[in-house]
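Protein chains in written order, with this note's numbering: chain P, 1 to 284; chain V, 1001 to 1405.
Backbone N, C-alpha and C fix where the C-beta goes; we use that ideal spot for every residue, glycine too.
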């Protein structure tokens, strides 16, 4: 079967689909990822065959590629671009795959299938400390020099912990972390959830607000509003208190472990391959 | 489960394991790939988190030249030598053991770092490339099963054995110097060569479909343009380009001239550095720098290549008839097997080098591959045989069972 995937936005929109794309290849299917110039490097770094589109017109290039290559299936994510419709292929079946564990899922109206979130956020060499627990709690902090994070770093400076900046591959870095502090983006939230790491979310956008609200409901996280912090007289103490609580109260770790268990029970990308074959009218 | 893949620093040995590594990952297992710094650029471009092994034998320039000379000064070896080492003379046997010792030296240089990585990460299973014996040593040290991943017909005869089939002393020392009992055979062999092309099969072999992965890359846009003439792809692989530099292309320059006399479109796939050094390409020749062959070959009618295992299997998986022009003994093995199944023609550069009729011989060979249906029929059968093998995803349960999971 030939499967086309489109990477047209930012790398974070491509990453959740990389394990499924490779699951298809590992099952013997052909995969191509159409990418705009800014995303070509992200696609090839994932080891996936890339088709460059969008030097002039994304849609024209996609149509030309589809006419030539004739995919049996076009993949899109829950928030991905509706490629099949954009390129006028109403007969290509589409299906939404949702990588959220039940506790974090947003209500969706379209038909969807669950898929286990297998973290992928770019390739890289595993730093040797990542595979060993430290002497002190290890706290991972989003690599961001923007306002709240300067504050976070200064708040953490007198916590007895090892502070490490987030980097790819994040699921490797998080192995022996006791806490992660981040914005509440979907990839980071789910990667920490897979690892069973409690989270402190400093959220800003409506999407981050919505997802972090759900995460807090699971008991695996605390959250602070970036704008709220900015107005506080002593925001460092607020952050520090939250960090202390997340490290000291084992209920956060227990809830994070439950979330990780929930994810482990979801069908792995490899298990979705027969579903996609059936959707394309092939195989099982 | 945690699975550690490892290969020494050669892309043609790393690439064939990538689809299986991703099969484990896509089934929810944790995977890492460890290899040497010299291929860091491709090591971090397959999507699997990497361990970089910095240890490597410190060959002097003279020793390096000695290895390259030994490899490329060999005359043609007896046909089917790999299936019966008694066909070889003393010099040829000594050469095989010389190469074996060089490979064991690489394993020696990698082993301690690989063990250290393993002690920290604690894999449940180690999958190692056919000549990356450090994987077997690390598995012995960690007490976990090891699987040897073969990357083609050249897996046999086994490089760590002498020509009587006994382990070389240096192989045994990889273990004894670390206080470990020698492990002669891995728990299983993963073989992606289709059975009809195999030189030998170990009893505990897991058959796996060859899913081509030739490194990261982009589909050339011109592939979508209609081809008005048959398309012939010409390549000479990674290894020769690295070992020989500009000299690597020499056997193929004559081939390009020969093919240009036919009414075909020519596509040259090699490294950017090789392409830069090519002069006088036939007019209209397309070049594709380091493009993955598996993206191009489905749209080609014939492949002309150097006898590399990954190249041969990629074309086989794409159902393309092949002309191999080999110039070293290990590159004679897969072309020999290819001829055996009828899907190709094998010429030896050592015999062609001084032959005034070389160009005509090559042109006739390519023409036969293009027009005689027996070649395309055999190539199609070979492709069907490969497609009938279990995909990497299907053997994950077999391999996890080895680790008791």
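(message) Any beta carbon of chain V sitting closer than 8 Å to that of residue 284 of chain P?
(response) Here residue 284 of chain P refers to the residue found at position 284 when the first chain is read from its first residue. Confidence in residue 284 of chain P is poor, its pLDDT being 40 and thus under 50, which makes the residue's placement unreliable; the coordinate value appears in the next sentence. Using a CB distance cut-off of 8 Å, residue 284 of chain P does not count as an interface residue toward chain V.
(request) Would you please verify whether the beta carbon of residue 1295 of chain V is less than 8 Å from any beta carbon of chain P? (result) For the purposes of this step, residue 1295 of chain V is identified with residue 295 of the second chain, where counting begins at 1. Judged by the 8 Å Cβ criterion, residue 1295 of chain V is in contact with chain P.
(request) Output, in chain order, the set of chain P residues within a Cβ distance shorter than 9 Å of residue 1218 of chain V. (result) Locating residue 1218 of chain V in the second chain gives position 218, counting from the first residue. Chain P residues near residue 1218 of chain V: 35, 40, 43, 44, 49, 50, 51 and 52.
(message) So, for residue 162 of chain P: in the same chain, excluding its five sequence neighbours on each side, which residues have a beta-carbon less than 6 Å away from its beta-carbon?
(response) If you number the first chain from 1, residue 162 of chain P lands on position 162. Correct list, in chain order: 134, 136 and 138.
(message) I'd like the list of long-range same chain contacts for residue 73 of chain P, defined as Cβ closer than 8 Å, with 5 residues on each side in sequence excluded.
(response) Working through the first chain from its first residue, we reach residue 73 of chain P at position 73. Exclusion of the five residues before and after residue 73 of chain P leaves 1, 2, 3, 4, 92, 93, 276, 279 and 280 as the residues of its chain whose Cβ lies within less than 8 Å of its Cβ.
(message) For a test of the three-state rule: what should DSSP assign to residue 1322 of chain V, helix, strand or coil?
(response) On the second chain, residue 1322 of chain V is found 322 positions in, with the first residue counted as 1. Three-state result, residue 1322 of chain V: strand.
(message) Quick check: residue 1304 of chain V and residue 1255 of chain V, are their CB atoms within less than 8 Å of each other?
(response) Residue mapping note: residue 1304 of chain V aligns to position 304 of the second chain, counting from 1. Residue mapping note: residue 1255 of chain V aligns to position 255 of the second chain, counting from 1. Contact: yes.
(message) In the DSSP output, what is residue 224 of chain P paired with across the bridge?
(response) Locating residue 224 of chain P in the first chain gives position 224, where the first residue counts as 1. DSSP lists P/202 as partners of residue 224 of chain P.
(message) Quick check on DSSP: helix, strand or coil for residue 1057 of chain V?
(response) Counting from one through the second chain, the residue named residue 1057 of chain V turns up at place 57. Residue 1057 of chain V: coil per DSSP, three-state reduction.
(message) Closer than 7 Å between beta carbons: that is the criterion. Which residues of the segment 167-186 of chain P meet it against chain V?
(response) Answer set for the segment 167-186 of chain P: 169 and 172.
(message) Pairs of beta-carbons, one from the segment 258-277 of chain P and one from the segment 99-117 of chain P, closer than 8 Å: are there three or more?
(response) Of all C-beta pairs linking the segment 258-277 of chain P to the segment 99-117 of chain P, three or more are shorter than 8 Å, placing the two stretches in contact.
(request) Look up residue 1035 of chain V in the DSSP assignment and say whether it is helix, strand or coil. (result) Your numbering for residue 1035 of chain V matches position 35 in the second chain. In the structure shown, residue 1035 of chain V sits in a strand (DSSP, three-state: E or B).
(request) Please go through the same chain and pick out, in chain order, the residues whose beta-carbon is closer than 6 Å to the beta-carbon of residue 1264 of chain V, but skip the five residues on each side of it. (result) Here the question's residue 1264 of chain V lines up with position 264 in the second chain. Excluding sequence neighbours, residue 1264 of chain V sits near 1229, 1230 and 1232.
(message) Below 9 Å on C-beta distance, what does residue 1230 of chain V contact in chain P?
(response) Within the second chain, residue 1230 of chain V is the residue found at index 230, counting from 1. Chain-order list of chain P residues neighbouring residue 1230 of chain V: empty, with the shortest C-beta distance near 19 Å, by a criterion of under 9 Å.
(request) Answer yes or no: do residue 1294 of chain V and residue 1151 of chain V have a C-beta to C-beta separation smaller than 8 Å? (result) Stepping through the second chain from its first residue, residue 1294 of chain V is reached at position 294. Stepping through the second chain from its first residue, residue 1151 of chain V is reached at position 151. With respect to residue 1151 of chain V, residue 1294 of chain V sits apart: the two C-beta atoms are not nearer than 8 Å.
(request) Provide the residue span of the beta strand (DSSP E) that contains residue 49 of chain P, from first to last. (result) Counted from its first residue, the first chain places residue 49 of chain P at position 49. Boundaries of the beta strand (DSSP E) around residue 49 of chain P: 49-52.
(message) Taking the straight line between their C-alpha atoms, what separation do you get for residue 1260 of chain V and residue 1368 of chain V?
(response) The residue labelled residue 1260 of chain V in the question sits at position 260 within the second chain. The residue labelled residue 1368 of chain V in the question sits at position 368 within the second chain. Taking C-alpha positions only, residue 1260 of chain V is separated from residue 1368 of chain V by approximately 15 Å.
(message) For a cutoff of 8 Å on Cβ pairs, would you count residue 260 of chain P as touching chain V?
(response) Within the first chain, residue 260 of chain P is the residue found at index 260, counting from 1. Taking Cβ atoms only, chain V never reaches closer than 8 Å to residue 260 of chain P, which makes this a no.
(message) Just to confirm, is the Cβ distance from residue 1167 of chain V to residue 1136 of chain V under 8 Å?
(response) For the purposes of this step, residue 1167 of chain V is identified with residue 167 of the second chain, where counting begins at 1. For the purposes of this step, residue 1136 of chain V is identified with residue 136 of the second chain, where counting begins at 1. Cβ distance not < 8 Å, so residue 1167 of chain V and residue 1136 of chain V don't count as in contact.
(request) Count the CB pairs spanning the segment 244-255 of chain P and the segment 37-47 of chain P that are closer than 8 Å, and state whether there are at least three. (result) Result no; under three Cβ-Cβ pairs closer than 8 Å.
(message) With DSSP as the reference, identify every bridge partner of residue 165 of chain P, one or two as the case may be.
(response) By 1-based counting over the first chain, the position of residue 165 of chain P is 165. In the DSSP output, where bridge partners are listed per residue, residue 165 of chain P has P/141.
(request) Kindly list, in the order they appear in chain V, the residues whose Cβ is closer than 9 Å to that of residue 128 of chain P. (result) Walking along the first chain from the start, residue 128 of chain P turns up at place 128. Within chain V, the residues placing a beta-carbon under 9 Å from that of residue 128 of chain P are 1051, 1116, 1117 and 1120, ordered along the chain.
(message) At the 8 Å Cβ level, is residue 118 of chain P part of the contact set with chain V, yes or no?
(response) By 1-based counting over the first chain, the position of residue 118 of chain P is 118. Taking CB atoms only, residue 118 of chain P has a neighbour in chain V less than 8 Å away.
(message) So if DSSP puts residue 1288 of chain V in a beta bridge, which residue, or which two residues, is it bridged to?
(response) The sequence position of residue 1288 of chain V within the second chain is 288, counting from 1. DSSP links residue 1288 of chain V through a beta bridge to V/1269.
(message) Would residue 164 of chain P pass as an interface residue toward chain V - the criterion being a Cβ-Cβ separation below 8 Å?
(response) Working through the first chain from its first residue, we reach residue 164 of chain P at position 164. Chain V places no beta carbon closer than 8 Å to that of residue 164 of chain P, leaving this residue out of the contacts.
(message) Does the CB of residue 293 of chain P have a neighbour CB from chain V at under 8 Å?
(response) What the structure shows of chain P is the stretch from 1 to 284, and residue 293 of chain P is not part of that stretch, so it cannot be assessed.
(message) Please tell me whether residue 231 of chain P has its Cβ less than 8 Å away from any Cβ of chain V.
(response) Here residue 231 of chain P is taken as the residue at index 231 of the first chain, counted from 1. So no, residue 231 of chain P is outside the interface.
(request) Give every residue of the same chain whose Cβ lies closer than 6 Å to the Cβ of residue 18 of chain P, excluding the five residues on either side of it in the sequence, and list them in chain order. (result) The count along the first chain starts at 1 and reaches residue 18 of chain P at position 18. Counting only Cβ-Cβ distances below 6 Å, and skipping sequence neighbours, we find 46 and 120.
(request) Output yes if chain P places a C-beta closer than 8 Å to the C-beta of residue 1171 of chain V; else output no. (result) Residue 1171 of chain V sits at position 171 when you count from the first residue of the second chain. No - not a single Cβ of chain P is within 8 Å of the one on residue 1171 of chain V.
(message) For residue 1308 of chain V, tell me which candidate among V/1190, V/1041 and V/1015 has the shortest Cα-Cα distance.
(response) Walking along the second chain from the start, residue 1308 of chain V turns up at place 308. When only C-alpha atoms are compared, the closest one is V/1015.
(message) Looking at chain P, is there any beta carbon in it that lies within less than 8 Å of the beta carbon of residue 1094 of chain V?
(response) For this step, residue 1094 of chain V is matched to residue 94 along the second chain. No, because no Cβ of chain P sits closer than 8 Å to the Cβ of residue 1094 of chain V.
(request) Give the straight-line distance between the Cα atoms of residue 36 of chain P and residue 1217 of chain V, rounded to the nearest whole angstrom. (result) As a first step, residue 36 of chain P must be located in the first chain, where it is residue number 36. As a first step, residue 1217 of chain V must be located in the second chain, where it is residue number 217. Just so you know, the alpha carbons of residue 36 of chain P and residue 1217 of chain V end up roughly 14 Å apart.
(message) Using CA atoms only, rank isn't needed, just tell me which of P/244, P/142 and P/259 is closest to residue 197 of chain P.
(response) What you label residue 197 of chain P is simply residue 197 of the first chain in a count that begins at 1. Closest by C-alpha distance to residue 197 of chain P, out of P/244, P/142 and P/259, is P/259.
(message) Please tell me whether residue 1370 of chain V and residue 1302 of chain V are closer than 8 Å, where the distance is taken between their beta carbons.
(response) Here residue 1370 of chain V corresponds to residue number 370 of the second chain, with the count starting at 1. Here residue 1302 of chain V corresponds to residue number 302 of the second chain, with the count starting at 1. For residue 1370 of chain V and residue 1302 of chain V, yes; Cβs fall inside 8 Å.
(message) For a quick check, are the C-beta atoms of residue 1138 of chain V and residue 1175 of chain V less than 8 Å apart?
(response) As a first step, residue 1138 of chain V must be located in the second chain, where it is residue number 138. As a first step, residue 1175 of chain V must be located in the second chain, where it is residue number 175. In this structure, residue 1175 of chain V does not lie closer than 8 Å to residue 1138 of chain V by Cβ.
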